[in-house]
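Peer 1: Just so you know, the sequence shown maps onto residues 5 to 449 in this note's numbering. Every residue gets a Cβ at the ideal spot worked out from N, C-alpha and C, and that includes glycine. Computed from a predicted model, the values in this text were never measured in an experiment. Dropping a structure here in structure tokens format, bear with me for questions.
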Amino acid sequence: MKVLAKWIFTIAMVLSSTLTSSMGTCEATVNEENRDIKNIIFLIGDGMGVSFTSGYRYFKDDPATLELESTEFGPYLVGQQTTYPNDPRHNVTDSAASATAMATGVKTYNGAIGIGNDHSKLKSVLERAKEKGKGTGLVATAQITHGTPAAFGAHVSQRKSMSAIADDYFQDLVNGRHKIDVLLGGGSDWFIRKDRNLVKEFQKDGYSYVTSLNELKNDESAQVVGLFAKRGLPKMIDRPSNVPSLADMTTSAIERLNKYNTGFFLMVEGSQIDWAAHDNDIVGVMSEMEDFEKAYKVAVDFAKKDGHTLVIATADHSTGGFTIGAQGQYNWFSSVIKAVKRTPNYMAAKIVNGAGVKETLTKYIDLPLTKDEINLVERAARTQNVKNIDNTIEEVINLRTLTGWTTRGHTGEDVNVYAFGPGSERFKGQIDNTDHAKIIFDILK
Ligand SMILES: [Zn+2]
């Protein structure tokens with residue numbers, strides 16, 4: 005008995021000393037790594053659930069080979085995060101609550117922008133980066149005042165108050181200075197208003213203002229407001245050439261922010277993966293996944309060259325209950341999506357503006373359509389309602405591709421987390437959406 009006790013004691017001592025020393029090393033590595041991280045690029049694919057990144061892999065597949073090739077995301081998958089909000093009415097999150105969690109480390113109610121359930125202001129990682137003298141930027145394909153970017157730079161009780169969010173971007177200062185150096189996206193309606201012209205106010209304080217891809221490329225100011233649409237940008241597949249892609253905006257933001265020798269924090273949102281999924285529009289979803297993937301590649305390529313940049317990419321929630329395959333069939337025909345050259349919404353608008361149904365469908369869908377399919381859209385066209393026509397074209401494509409949807413809202417399953425660069429292993433495993441901010445705050449200590 006005595007011998008056994010002695011053994012147990014010895015083992016316990018050895019274990020505890022091993023644990024202490026390994027904890028010590030761990031802390032030292034983390035501190036060293038924190039010093040190593042100069043820049044942070046945080047990318048959010050809005051609504052980009054697991055089936056979206058998997059579906060995108062099918063969509064990008066080379067049909068000549070057996071394997072589904074990896075996309076840009078694949079190599080940097082580190083784990084998953086939970087997304088639930090702190091809302092007595094809901095346990096599935098909206099973009100505002102989820103973005104607030106990722107930006108501030110605190111769970112809150114659906115609709116909240118940078119504030120808690122007690123309506124206190126929560127500091128965001130972008131604000132912390134600015135306190136430390138870093139360059140900061142927000143980039144999105146939605147209006148830049150939309151839920152996700154807003155949670156990083158504003159504090160309002162309801163996400164719908166987008167004028168108040170734009171006001172916050174201008175007048176809610178950090179150490180007496182503007183907190184966001186680079187604002188790129190849509191949403192001029194909330195900056196140039198009857199009661200106030202925030203663009204002029206920003207310009208007075210030294211910011212450039214750009215409204216097209218050319219202007220964006222030709223301007224070199226470290227501080228810029230770029231608004232390329234009154235509201236959201238057109239989807240990538242519908243986008244005219246003078247409207248920048250998410251990758252163009254990300255490239256431009258990095259070039260400007262990289263001038264800060266103190267480093268930078270940049271948030272980039274692929275906003276409309278979610279919008280297309282709310283619409284159950286698989287063509288729009290794949291278009292916006294591609295736009296987001298290219299922006300992600302810009303960030304990772306920069307980080308690879310730079311060596312002191314941490315890149316994180318994740319989603320805020322999933323949307324639409326998108327499934328790869330439907331109706332009990334063991335197939336998903338992504339080749340059909342590739343044959344569609346514009347979103348159903350774009351085609352529906354053309355039809356309402358007088359273009360013929362058959363002409364429009366054959367012009368933008370590179371597939372022989374059946375009589376029944378054309379009749380279905382023609383019947384919808386008689387209502388002269390864009391939404392009806394749009395939904396009908398979507399129905400045709402969903403049936404053809406065997407794309408499943410269970411809702412027009414959000415869903416609560418976990419979403420993937422991707423990370424690259426120094427500190428990336430800290431995002432490994434099963435984490436929560438609040439952990440992003442907690443880890444980034446620690447890095448910015
Ligand atoms: Zn969202």
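Can you grab the Cα-Cα spacing for the pair residue 99 / residue 389, in whole Å?
Peer 2: Position 95 of the sequence shown holds residue 99. Position 385 of the sequence shown holds residue 389. The alpha-carbon atoms of residue 99 and residue 389 are separated by roughly 28 Å.
Peer 1: In whole angstroms, what is the alpha-carbon distance linking residue 102 and residue 182?
Peer 2: For the purposes of this step, residue 102 is identified with residue 98 of the sequence shown, where counting begins at 1. For the purposes of this step, residue 182 is identified with residue 178 of the sequence shown, where counting begins at 1. Rounded to the nearest angstrom, the two C-alpha atoms are 25 Å apart.
Peer 1: Alpha carbon to alpha carbon, how far is residue 334 from residue 324? Give it in angstroms, no decimals.
Peer 2: Position 320 of the sequence shown holds residue 324. Position 330 of the sequence shown holds residue 334. When rounded, the distance between both Cα atoms is 20 Å.
Peer 1: To the nearest angstrom, how far is it from the Cα of residue 342 to the Cα of residue 247?
Peer 2: Residue 342 sits at position 338 when you count from the first residue of the sequence shown. Residue 247 sits at position 243 when you count from the first residue of the sequence shown. Near 22 Å, if we compare the C-alpha coordinates of residue 247 and residue 342.
Peer 1: With DSSP run on the structure shown, which of helix, strand or coil describes residue 52?
Peer 2: For the purposes of this step, residue 52 is taken as the residue at position 48 of the sequence shown. The answer is coil: DSSP assigns residue 52 none of H, G, I, E or B.
Peer 1: From residue 60 to residue 188, what does the alpha carbon distance come to, in whole angstroms?
Peer 2: For the purposes of this step, residue 60 is taken as residue 56 along the sequence shown, with counting starting at 1. For the purposes of this step, residue 188 is taken as residue 184 along the sequence shown, with counting starting at 1. Answer to the nearest angstrom: the Cα atoms are 26 Å apart.
Peer 1: By the 10 Å Cβ neighbour count, where 16 or more other Cβ atoms means buried, how is residue 297 classified, buried or exposed?
Peer 2: In the sequence shown, the residue the question calls residue 297 occupies position 293. Buried is the call here.
Peer 1: Suppose you measure from the CA of residue 444 to the CA of residue 382; what does that come to, to the nearest Å?
Peer 2: Counting from one through the sequence shown, the residue named residue 444 turns up at place 440. Counting from one through the sequence shown, the residue named residue 382 turns up at place 378. Approximately 53 Å, taken between the alpha carbons.
Peer 1: State the DSSP-derived secondary structure class of residue 441, mapped to helix, strand or coil.
Peer 2: For the purposes of this step, residue 441 is taken as the residue at position 437 of the sequence shown. Here residue 441 sits in helix by DSSP.
Peer 1: Could you say which of 249, 258 and 265 lies nearest to residue 274 if we only look at CA atoms?
Peer 2: Here residue 274 corresponds to residue number 270 of the sequence shown, with the count starting at 1. Residue 274 has its Cα closest to that of 249, out of 249, 258 and 265.
Peer 1: I'd like to know whether the C-beta atoms of residue 349 and residue 84 end up nearer to each other than 7 Å.
Peer 2: Numbered from its first residue, the sequence shown carries residue 349 at position 345. Numbered from its first residue, the sequence shown carries residue 84 at position 80. Contact flag unset, no.
Peer 1: How many angstroms separate the CA atom of residue 362 from the CA atom of residue 212?
Peer 2: The residue you call residue 362 lines up with position 358 of the sequence shown. The residue you call residue 212 lines up with position 208 of the sequence shown. Straight-line Cα distance between these residues: approximately 45 Å.
Peer 1: Okay, do the stretch 103-121 and the stretch 66-73 touch, 3+ Cβ pairs below 8 Å being the bar?
Peer 2: no
Peer 1: Taking the Cβ atom as the reference point for each residue, do residue 162 and residue 109 lie within a distance shorter than 7 Å?
Peer 2: Within the sequence shown, numbered from 1, the residue matching residue 162 stands at position 158. Within the sequence shown, numbered from 1, the residue matching residue 109 stands at position 105. Their beta carbons are not under 7 Å apart, which means residue 162 does not touch residue 109 by this criterion.
Peer 1: Tell whether a beta-carbon distance below 7 Å holds between residue 149 and residue 169.
Peer 2: Residue 149 sits at position 145 when you count from the first residue of the sequence shown. Residue 169 sits at position 165 when you count from the first residue of the sequence shown. Against a cut-off of 7 Å, the Cβ pair of residue 169 and residue 149 comes out as a contact.
Peer 1: Regarding residue 51 and ligand 1, is the C-beta to nearest heavy atom distance less than 6 Å?
Peer 2: For the purposes of this step, residue 51 is taken as the residue at position 47 of the sequence shown. At least one heavy atom of ligand 1 is nearer than 6 Å to the Cβ of residue 51, so yes.
Peer 1: Per DSSP, residue 43 is paired with what?
Peer 2: Against the sequence shown, residue 43 aligns to sequence position 39. DSSP output for residue 43 lists 313 as bridge partner(s).
Peer 1: Got a sec: does ligand 1 put a non-hydrogen atom nearer than 6 Å to the Cβ of residue 66?
Peer 2: Your numbering for residue 66 matches position 62 in the sequence shown. No, Cβ of residue 66 sits at least 6 Å from all heavy atoms of ligand 1.
Peer 1: Between which two residues does the alpha helix (DSSP H) containing residue 151 stretch?
Peer 2: As a working mapping, residue 151 is identified with position 147 in the sequence shown. Note, residue 151: alpha helix (DSSP H), 151-157.
Peer 1: Check each candidate in 292, 260, 199 and 219 and name the one with the smallest Cα separation from residue 242.
Peer 2: Along the sequence shown, read from residue 1 onward, the residue named residue 242 stands at position 238. Among 292, 260, 199 and 219, the Cα nearest to that of residue 242 is on 292.
Peer 1: Can you have a look at residue 238 and say buried or exposed, based on whether 16 or more other CB atoms are within 10 angstroms of its CB?
Peer 2: Within the sequence shown, residue 238 is the residue found at index 234, counting from 1. Flag for residue 238 reads buried.
Peer 1: Which one or two residues does DSSP pair with residue 331 in a beta bridge?
Peer 2: By 1-based counting over the sequence shown, the position of residue 331 is 327. In DSSP, residue 331 forms no bridge with anything.
Peer 1: Do you know offhand how far residue 281's Cα is from residue 412's?
Peer 2: Start at 1 with the first residue of the sequence shown, and residue 281 comes out as number 277. Start at 1 with the first residue of the sequence shown, and residue 412 comes out as number 408. Cα to Cα, the separation comes out at about 7 Å.
Peer 1: For residue 356, which of 394, 376 and 367 has the nearest alpha-carbon?
Peer 2: For this step, residue 356 is matched to residue 352 along the sequence shown. Nearest option by C-alpha distance: 394.
Peer 1: Can you tell me whether residue 222 is buried or exposed? The criterion is at least 16 other CB atoms within 10 Å of its CB, across all chains shown.
Peer 2: Taking the sequence shown and counting its residues from 1, one reaches residue 222 at position 218. Under this definition residue 222 is an exposed residue.
Peer 1: Below 6 Å, is the gap between the Cβ of residue 55 and the nearest heavy atom of ligand 1?
Peer 2: As a position in the sequence shown, residue 55 is number 51, starting the count at 1. No, ligand 1 has no heavy atom inside 6 Å of this Cβ.
Peer 1: Please state whether DSSP places residue 278 in a helix, a strand or coil.
Peer 2: By one-based count along the sequence shown, residue 278 stands at place 274. Residue state, collapsed to three classes: helix.
Peer 1: At what residues does the alpha helix (DSSP H) containing residue 452 begin and finish?
Peer 2: Outside the modelled stretch of the chain, which goes from 5 to 449, sits residue 452, for which no answer is possible.
Peer 1: With DSSP as the reference, identify every bridge partner of residue 407, one or two as the case may be.
Peer 2: Locating residue 407 in the sequence shown gives position 403, where the first residue counts as 1. Note: residue 407 sits in a beta bridge opposite 328.
Peer 1: Assuming residue 449 contacts residue 82 under a Cβ cut-off of 8 Å, what Cβ separation, rounded to an integer in Å, is found between them?
Peer 2: Here residue 449 refers to the residue found at position 445 when the sequence shown is read from its first residue. Here residue 82 refers to the residue found at position 78 when the sequence shown is read from its first residue. Wrong, their Cβ atoms sit about 22 Å apart, outside the cutoff.
Peer 1: Helix, strand or coil for residue 288, going by three-state DSSP, please let me know.
Peer 2: If you number the sequence shown from 1, residue 288 lands on position 284. If DSSP states are grouped into helix, strand and coil, residue 288 belongs with the helices.
Peer 1: Could you tell me how far apart the beta carbons of residue 314 and residue 44 are, in whole angstroms, since I believe they sit closer than 8 Å?
Peer 2: Taking the sequence shown and counting its residues from 1, the one referred to as residue 314 is at position 310. Taking the sequence shown and counting its residues from 1, the one referred to as residue 44 is at position 40. Confirmed, about 5 Å.
Peer 1: Can you tell which of 146, 62, 174 and 309 has the C-alpha that lies nearest to the C-alpha of residue 425?
Peer 2: The count along the sequence shown starts at 1 and reaches residue 425 at position 421. Ranked by how close their Cα comes to the Cα of residue 425, the residues 146, 62, 174 and 309 have 309 in first place.
Peer 1: Within 10 angstroms of the Cβ of residue 438, are there 16 or more other Cβ atoms? Answer buried if so, exposed if not.
Peer 2: Start at 1 with the first residue of the sequence shown, and residue 438 comes out as number 434. The residue in question, residue 438, is buried, as its Cβ has 16 or more Cβ neighbours within 10 Å.
Peer 1: Using the C-alpha atoms, what's the distance from residue 154 back to residue 55?
Peer 2: For the purposes of this step, residue 55 is taken as residue 51 along the sequence shown, with counting starting at 1. For the purposes of this step, residue 154 is taken as residue 150 along the sequence shown, with counting starting at 1. Those two C-alpha atoms are separated by around 26 Å.
Peer 1: Between 63, 111 and 392, which has its C-alpha nearest residue 88's C-alpha?
Peer 2: Position 84 of the sequence shown, counting from 1, holds the residue named residue 88. Of 63, 111 and 392, the residue nearest in Cα terms is 111.
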